[in-house]
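Note that numbering that gives the first Met the number 0 numbers the sequence shown so that position 284 is 283, with each residue one more than the last.
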Amino acid sequence: MDFFFSEEQEMLRESVIKLMARHAPPDAVRKWERDRSFPEDLYQAWAEAGLLRLPFPVEVGGLGGSALDLAIVVYEISRISTDLCMAFSGSVFCGLNILRKGNDAQRNYWLPRLLDGRIKFSIGISEPDAGSDVGNIRTFAERKGDAYLVNGQKLWTTGAALKNSVICAYVKTDKAAHYRKAMTHMLIDNDAPGIELRKLDMLGRRTIGTYEIFFRDVEVASDRLIGGEGGGWDCLMSGLQYERAVSAAGNVGGTQAIVDLAISYARERIQFGQQIGAFQAIGHMLADMETEHEAGKLLMWRAAWLVAQGRDALREITHAKLYTSELYAKLANMGVQVMGAYGLSEEFDMQRYFRDSRSSTIAAGTSQAQRNLLANLMGFKQR
Ligand SMILES: Cc1cc2nc3c(=O)[nH]c(=O)nc-3n(C[C@H](O)[C@H](O)[C@H](O)COP(=O)(O)OP(=O)(O)OC[C@H]3O[C@@H](n4cnc5c(N)ncnc54)[C@H](O)[C@@H]3O)c2cc1C
């Protein structure tokens, strides 16, 4: 057993820390959040540093990095902001789906554009009547010659309006068939005629933004179907383990920031003539926060390591996703308590982590869905 990063991984970690310090200093992160505007320059800095290339194989212009390498990057970006990190990880996850399920022509067309930062991707699965019940999507793509006409609505699509962004939309192409056979994955430019984007007022993720998308007779060429007609479910499932393991790194990046903030505040804040950390009530809270953060980190690194080894690790990944997402929300709540009213003030970052953390137990599969999955793996069929 080895708990150390390799020399290359340490260098990678250091380079991301430096990049974020340079391109996303605290005041800028606060301003982007206040203005609800995503920093295109930061995305381009990620692209120039080769971070978008990291998990892709050398044959397609990537750097051949593993899930563990990607988790290191996601952890460090998320330590600054899990909101900002969504633009990075969402785009990379969609690109990896194209790598796995696209044909040669599609890989040759889409991947260079993603890897050099010309495009981004957002993921459009959820709809008003399809949340956990993904199979209930209604957005329909009707075949018209060599193209499809898409009509319907997506909800909660993170980053759908970012500059040069392409929506990875999951639609139905057969109203009668079972959803596993009727779902199709298609790439649709976010400014295609017939698309309307509406920004939603949400508690968190205010920089990248969460959107409702309306499709009205949007024409999509058939060469934009990834995995072919009816191949959407397979495409969606193909990346799920990898995505959840790496997303857990985002949660733990968030808890790292929260623990650091809470400890440094407890050192500086004096009440009744002493540091508040010296009150046992606060000192023990910090001790619990740090311990649980370390436990979450270990679950996450194990999950990422197993994925990097090419192992089927559904159980371990689900442990990591469930535990770290609940921990992110829990520690953010405790962090606010440690800071008192200052924890709720926009002058400090704790409230941002508090707001951004809340979606972690809902997005990308709710905690209840993770528990269902684990109970099913134990042989208890959940209804
Ligand atoms: C900030 C944010 C960003 C998001 N970004 C995206 C995105 O980019 N793209 C995208 O497609 N979607 C996105 N989503 C949507 C997300 O995937 C859904 O919110 C999630 O799948 C849950 O669906 P729902 O919110 O409709 O809740 P529902 O599925 O309606 O669930 C409501 C409650 O019932 C519980 N429940 C439902 N079914 C069961 C069951 N079988 N057993 C036990 N409990 C159950 C749930 O756990 C939950 O507590 C985002 C969500 C958030 C909050």
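Backbone N, C-alpha and C define an ideal beta-carbon position, used for all residues, glycine too.
- [ ] Report the rounded CA-to-CA distance for Ala168 versus Ile122, giving the unit in angstroms.
- [x] As the crow flies, the alpha-carbon of Ala168 is around 6 Å from that of Ile122.
TODO: For Met299, collect the residues of the same chain with a Cβ closer than 6 Å to its Cβ; drop the 5 residues on either side in sequence, then sort them by chain order.
DONE: Within the same chain, Met299 has close Cβ partners Ala247, Ala248, Val251, Ala319 and Thr323.
- [ ] Please confirm whether any heavy atom of ligand 1 lies closer than 7 Å to the CB of Ser344.
- [x] Because no heavy atom of ligand 1 lies under 7 Å away, the Cβ of Ser344 does not count as near it: no.
Open item on the list: If you reduce the DSSP assignment to three classes, tell me which class Met236 lands in.
Closed with: Residue state, collapsed to three classes: helix.
- [ ] Take Leu260 and list the residues in its own chain whose beta-carbon comes closer than 7 Å to its own, dropping the five residues that flank it on each side.
- [x] Around Leu260: Gly334, Asp348 and Met349.
Open item on the list: Which of the three DSSP states is assigned to Thr414 in this structure?
Closed with: Since the first and last residues shown for the chain are 0 and 382, residue 414 lies out of range.
Open item on the list: Quick check on DSSP: helix, strand or coil for His177?
Closed with: DSSP places His177 in coil when its eight states are reduced to three.
Task: Buried versus exposed call for Asn96 [16 or more other C-beta atoms within 10 Å across all chains shown] - done: Asn96 comes out buried.
Open item on the list: Please identify the residue among Leu53, Tyr42, Asp1 and Arg29 whose C-alpha is closest to the C-alpha of Leu11.
Closed with: Selected option, being the one with the closest Cα: Leu53.
Open item on the list: Can you find the residues in the same chain that come closer than 8 Å, C-beta to C-beta, to Lys119, ignoring five residues on each side of it along the sequence?
Closed with: Hits under 8 Å: Tyr42, Ala86, Gly89, Ser90, Leu113, Gly158, Leu161, Lys162, Asn163, Ser164 and Val165.
Task: Rounded separation between Lys296 and Ile71 - CA only - done: Straight-line spacing of the CA atoms in Lys296 and Ile71 works out to 11 Å.
- [ ] Helix, strand or coil for Glu346, going by three-state DSSP, please let me know.
- [x] For Glu346, the secondary structure class from DSSP, reduced to helix, strand or coil, is coil.
- [ ] Flag this pair as yes or no: are the beta carbons of Arg106 and Gly238 separated by less than 8 Å?
- [x] A distance of 8 Å or more separates the beta carbons of Arg106 and Gly238.
TODO: Report the residue from Glu126, Gln8, Asp188 and Asp40 whose alpha carbon sits nearest the alpha carbon of Leu62.
DONE: Of Glu126, Gln8, Asp188 and Asp40, the residue nearest in Cα terms is Gln8.
Task: Residue from Gly309, Glu346, Thr360 and Gly342 whose Cα sits closest to the Cα of Tyr327 - done: The option with the nearest alpha carbon to Tyr327 is Thr360.
Task: Residue interval of the beta strand (DSSP E) (run including Thr209) - done: Per DSSP, the continuous beta strand (DSSP E) segment holding Thr209 begins and ends at Thr209 to Ala220.
Open item on the list: Is Ile187 close to ligand 1? I mean its beta-carbon at under 7 Å from any heavy atom of the ligand.
Closed with: Not under cutoff, so the answer is no.
Open item on the list: Can you list, in chain order, the residues of its chain with a C-beta nearer than 6 Å to that of Ala191? Leave out the 5 residues immediately preceding and following it.
Closed with: Correct list, in chain order: Val217.
Task: Start and end residues, beta strand (DSSP E) containing Lys143 - done: Taken as a continuous stretch (DSSP letters only), the beta strand (DSSP E) holding Lys143 covers Phe139 to Lys143.
Open item on the list: If I measure Cβ to Cβ from Val15 and keep anything under 6 Å in the same chain, skipping five residues before and after, which residues do I get?
Closed with: Setting aside the 5 residues that flank it on each side, Val15 is surrounded in the same chain by Val72 and Glu75, each with a C-beta closer than 6 Å to its C-beta; the list follows chain order.
TODO: For chain D, find out if any of its Cβ atoms is closer than 8 Å to the Cβ of Leu51; answer yes or no.
DONE: Checking the listed chains, one finds no chain D in this structure; it contains a single protein chain.
Task: Residue from Ala363, Ala175 and Ala27 with nearest C-alpha to Leu235 - done: Among Ala363, Ala175 and Ala27, the Cα nearest to that of Leu235 belongs to Ala363.
TODO: Can you say whether Asp311 is buried or exposed, counting buried as having 16 or more other CB atoms within 10 angstroms of its CB?
DONE: Looking at its Cβ environment, which holds fewer than 16 other Cβ atoms inside 10 Å, Asp311 is exposed.
Task: Gly208 versus Arg382, Asp222, Phe2 and Pro38, residue with shortest Cα-Cα distance - done: Relative to Gly208, the option among Arg382, Asp222, Phe2 and Pro38 whose CA is nearest is Pro38.
Open item on the list: Since Met182 and Lys174 should fall inside the 8 Å C-beta cutoff, what is the C-beta to C-beta distance between them, to a whole number of angstroms?
Closed with: Distance from Met182 to Lys174 at the Cβ level is roughly 12 Å; contact not present, criterion being Cβ atoms closer than 8 Å.
Open item on the list: I need the straight-line Cα distance from Glu141 to Glu293, nearest angstrom please.
Closed with: Taking the straight line from one Cα to the other gives about 50 Å.
Open item on the list: Based on DSSP bridge pairs, tell me the residues matched to Ala168.
Closed with: Per DSSP, Gly123 and Met185.
TODO: Assuming Ile281 and Val337 form a contact by the criterion Cβ under 8 Å, report the distance between their Cβ atoms to the nearest whole angstrom.
DONE: That pair is a contact at about 6 Å.
Open item on the list: Quick check: what's the CA-CA separation for His283 versus Leu376?
Closed with: Distance between the alpha carbons of His283 and Leu376: 36 Å.
Open item on the list: Looking at ligand 1, does it come within less than 7 Å of Trp232, judged from the CB to the closest heavy atom?
Closed with: Distances between the C-beta of Trp232 and the heavy atoms of ligand 1 are all 7 Å or more.
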